[in-house]
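Each remark here refers to the structure printed beneath this line.
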Amino acid sequence: MYSLPAYAFIAQDFTTQTALYTHHQYIVGFIMTGAFAHGAKFFIKDYNPEQ
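No gaps in the numbering here: position 31 of the sequence shown is 1115 in the numbering used here, and each next residue is one more.
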């Protein structure tokens, strides 16, 4: 069920599949970059050398 494409024509158009995959990889890359940056800021703020 979940492996079926949302639109029937996408299953037969390799260029569209590739473009959608690349588009979503860019989105995930930006989200992960932001998540890692916020995580790094948290670790820097939480660091206490005396502890």
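Beta carbons are placed, not taken as given, at the ideal position from N, Cα and C, and that holds for glycine.
Check: residue i C-beta below 8 angstroms from any heavy atom of the ligand ATP
i	result
residue 1123	The ligand ATP is not among the ligands present in this structure, which contains no ligands whatsoever.
Whole-angstrom distance between residue j and residue i, CA atom to CA atom
i	j	result
residue 1108	residue 1098	15 angstroms
residue 1094	residue 1119	31 angstroms
residue 1127	residue 1113	21 angstroms
residue 1111	residue 1091	21 angstroms
residue 1089	residue 1129	44 angstroms
residue 1102	residue 1122	30 angstroms
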